[in-house]
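A.B. asks: In the UniProt record's numbering, the protein residues as written are 1 to 358.
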């Protein structure tokens, strides 16, 4: 067997925290796979655990999984490879295998997680999408869990403006929920889907909290948009805090159960999140944001009305009507372009309706 086959074989036991911790502590993976009874007994596994793990390991065929992934274009990244994300090593129990479908290079990029309620309000959905557009538009990858509600809307905003990574609580070839299947396929084409579970694994409830730790570890910071007091989003936030990541929360109505968890995070010291651009600046991505702004500004100056709007706002603040007059353009056209620039954080609306450079 190749070294990667040993790790694939361990993936067949789904998720076993003690077993994965042995790998992180340097126990040779081949010792576990070749002689599981002896090795597991030596490290204190119970007879029931040993029998179950030994049976699964002996029955697993890594070649079948590799062939299936190769046919679909899914890449397999195993623990210890250069391609394996260093940020996952901060976990007590890093995954032994990552199945990756899409742009693998995104694992090397800085990421911000956006998570929240599945049954989100219209306010929460709008905030998630706007934040994701601002963050992805500034060159930072948005990572989330592809769940319905906040997660899905964050992915939609990110994929429309930049890059996104979706972490599944199922096998990588099992899109869930079905309502996000089109989004899932779009992310494969434009972003990256990852899972630590073997292809074909169904989305069982206990797998989602396991999935959440990958979001927390891969992100530099987590933004909780809406969350109830008992929710997966708060699990993600807790893990992020344990890993030393920054946690942000969007304030919500104190009468809304959907905002009870996010408001509690703020009460307990999470940073308040009012704009996506503020989040990336708080995380120290100012240079990246500036570079992204410069690149987009250059593109706008060469192509279209947006660049001209930025030019006229260099020396003074103006209303939409004043900008339209200066540029000899229709007010509706200016309003459309300046709304785009405001979402991206390139301009800000001031008191009195005037706009200034962001």
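Don't be surprised by glycine CBs; every beta carbon is placed ideally from N, CA and C. From a predicted model like this one, the values you see are computed outputs, not experimental measurements.
1. Report the CB separation of residue 147 from residue 129 in whole angstroms; it is logged as a contact under 8 angstroms.
2. Can you give me the C-alpha to C-alpha distance between residue 49 and residue 167, rounded to a whole angstrom?
3. Are the stretch 77-96 and the stretch 134-153 touching by the rule of at least three beta carbon pairs closer than 8 angstroms?
4. For residue 170 and residue 51, I'd like the C-alpha separation in whole angstroms.
5. Could you give the DSSP three-state label for residue 172: helix, strand or coil?
6. What number of angstroms, rounded off, separates the C-alpha of residue 188 from the C-alpha of residue 199?
7. In whole angstroms, give me the CA-to-CA distance for residue 59 and residue 72.
8. Please list, in chain order, all residues of the same chain as residue 118 whose beta carbon is under 6 angstroms from its beta carbon, the five residues on each side excluded.
9. Going by Cα to Cα distance, which pick from 228, 196, 106 and 250 is closest to residue 222?
10. Could you give the first and the last residue of the continuous beta strand (DSSP E) run that contains residue 98?
11. Use the C-beta contact count for residue 137: other C-beta atoms within 10 angstroms, 16 or more gives buried, fewer gives exposed.
12. Can you give me the start and stop residues for the alpha helix (DSSP H) that residue 127 sits inside?
13. Anyone know if the C-beta pair for residue 113 and residue 11 falls short of 8 angstroms?
14. Residue 70 lies in the alpha helix (DSSP H); which residues open and close that run?
15. What are the boundary residues of the alpha helix (DSSP H) that includes residue 150?
16. With distance defined between alpha-carbon atoms, name the residue in 177, 204, 229 and 106 nearest to residue 190.
17. Contact defined as beta carbons within less than 8 angstroms: I believe residue 95 pairs with residue 214. What is the distance between those atoms, to the nearest angstrom?
18. With DSSP run on the structure shown, which of helix, strand or coil describes residue 213?
19. Tell me whether the beta-carbon of residue 233 lies closer than 8 angstroms to the beta-carbon of residue 116.
20. Work out the CA separation of residue 162 and residue 240 for me, nearest whole Å.
21. Are the Cβ atoms of residue 76 and residue 97 separated by less than 8 angstroms?
22. Which residues bound the beta strand (DSSP E) around residue 248?
23. Here's the rule I'm using: 16 or more other beta-carbon atoms within 10 Å means buried, otherwise exposed. How should residue 310 be labelled?
24. Using the three-state DSSP reduction, which class does residue 13 fall into: helix, strand or coil?
25. Suppose contacts are defined by Cβ-Cβ distances below 8 angstroms. Is residue 207 in contact with residue 88 by that definition?
26. So what does DSSP say about residue 298, is it helix, strand or coil?
C.D. replies: Put simply:
1. So it is not a contact: roughly 15 angstroms between Cβ atoms.
2. 28 angstroms
3. no
4. 25 angstroms
5. coil
6. 15 angstroms
7. 24 angstroms
8. 147, 148 and 149
9. 250
10. 97-102
11. buried
12. 122-137
13. no
14. 62-72
15. 150-161
16. 106
17. 7 angstroms
18. helix
19. yes
20. 24 angstroms
21. yes
22. 246-249
23. buried
24. coil
25. no
26. In this prediction, residue 298 scores a pLDDT of 46, lower than 50, which makes its location untrustworthy; the coordinate-derived value is nonetheless stated afterwards. Residue 298: helix per DSSP, three-state reduction.
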